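Inspection log for the structure reproduced underneath, given as structure tokens.
Numbering (the UniProt record's numbering), first residue to last: 1 to 314.
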């Protein structure tokens, strides 16, 4: 630090000419503009212990050089096993997704085939549809059975459930058009026993997928009822309406008791719309049909049966 007396001396010297000013030491001289102030130099005294030597760094890569490498190898082997398991699971999921898409596509073809049914070609259309459905089971459902049999299929349910639901929809649709009844889950599972390996527990379709497929059936029955009304088969459309009503009523009692019913709630909303459409179509034909016939002045019995109106006495 500069003494206070020296500071006063420097203040008085600022007003003197440059010729009368006293030279200042280099450490007290003001820095010139544009130049950096000199950095104070410090002298380091040598350490009494002498200069320290730099230690070389080495990386232990062998079990003999580091005792912790054995534990690292065991951990690496453990993670390698988990990686192989996840890779195999992902590969299986991809195969199931592809097989499910094939089942969905071919099951839709069976449904389209059944929609070609009429009063004249019923047996022929249903026979071809049943043959196509059997081909779907042998070629595509069999792939799902081989992939899922003996495994924890609940982990992979999201991968294959769309195809299973579509197959159930096609199978139940064919059964209703043939006999007017609903195909049960036990009968569907019995048909899959021939595809399963007898040495392993057979794969069975679960109740949830079956109910979801049956809920989708209402949409196809609604289209079938509208088509039958246009062809004059009003009684057949009424039978469809009563059948869909019964299914909807039973599912309405069952869905609130299910643990995971989010999917079923969405299906039930669509199913209710299908029931309403079938009812409106049947009511419209029954009411407006008689008015249309009376306006035309027709009194033929076949005409009344065609439009769904009851006969009346002249």
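For every residue, glycine included, the Cβ atom is placed at its ideal position computed from N, Cα and C.
Please read all numbers here as calculations on a predicted model, not as lab measurements.
Taking C-beta separations shorter than 7 Å and ignoring five residues to either side along the sequence, the partners of residue 132 in its chain run 109, 110, 113, following chain order. Secondary structure note for residue 132: its alpha helix (DSSP H) is the uninterrupted segment 122-136. For residue 204, no alpha helix (DSSP H) run applies, since DSSP gives it neither H nor E. With fewer than 16 other beta carbons inside 10 angstroms of its own, residue 180 counts as exposed.
With respect to the 9 Å criterion, residue 166 and residue 213 are classified as neighbours on the basis of their beta carbons.
Note that the segment 259-271 touches the segment 202-217; at least 3 beta-carbon pairs, one per stretch, sit closer than 8 Å. Contact between residue 177 and residue 226 is ruled out by a C-beta separation of about 15 Å, above the 8 Å threshold. Residue 105 counts as exposed, since fewer than 16 other C-beta atoms from the protein chains shown sit within 10 angstroms of its C-beta.
Taking 9 Å as the cut-off, the Cβ atoms of residue 175 and residue 185 do not count as close. By the CB criterion at 9 Å, residue 255 and residue 278 fall outside the cutoff.
DSSP places residue 114 inside the alpha helix (DSSP H), whose first and last residues are 69-114.
Residue 237 is positioned such that its CB atom lies no closer than 9 Å to that of residue 170. Taking the CA atoms as reference points, residue 69 sits about 45 Å from residue 197.
If you compare the alpha carbons of 129, 229, 144 with that of residue 102, the shortest gap goes to 144. In the three-state reduction of the DSSP assignment, residue 139 falls in the helix class, which pools H, G and I. Annotation for residue 261: no alpha helix (DSSP H) segment contains it, and DSSP assigns it neither H nor E.
Taking all protein chains in view, the Cβ of residue 257 is surrounded by fewer than 16 other Cβ atoms within 10 Å, so the residue is classified as exposed. Assignment of residue 117 by DSSP, reduced to helix, strand and coil, places it in the coil class. Assignment of residue 221 by DSSP, reduced to helix, strand and coil, places it in the helix class. For the options 100, 79, 285, the alpha carbon positioned closest to that of residue 162 is the one of 100. For the options 140, 229, 123, 235, the alpha carbon positioned closest to that of residue 192 is the one of 140.
As the crow flies, the alpha-carbon of residue 284 is around 16 Å from that of residue 223. In this structure, the beta-carbon distance from residue 205 to residue 188 falls below 9 Å. Burial is judged here by how many other beta carbons sit within 10 angstroms of a residue's own beta carbon; residue 235 has fewer than 16 and is exposed.
Rounded to the nearest whole angstrom, the C-alpha separation of residue 134 and residue 78 is 45 Å.
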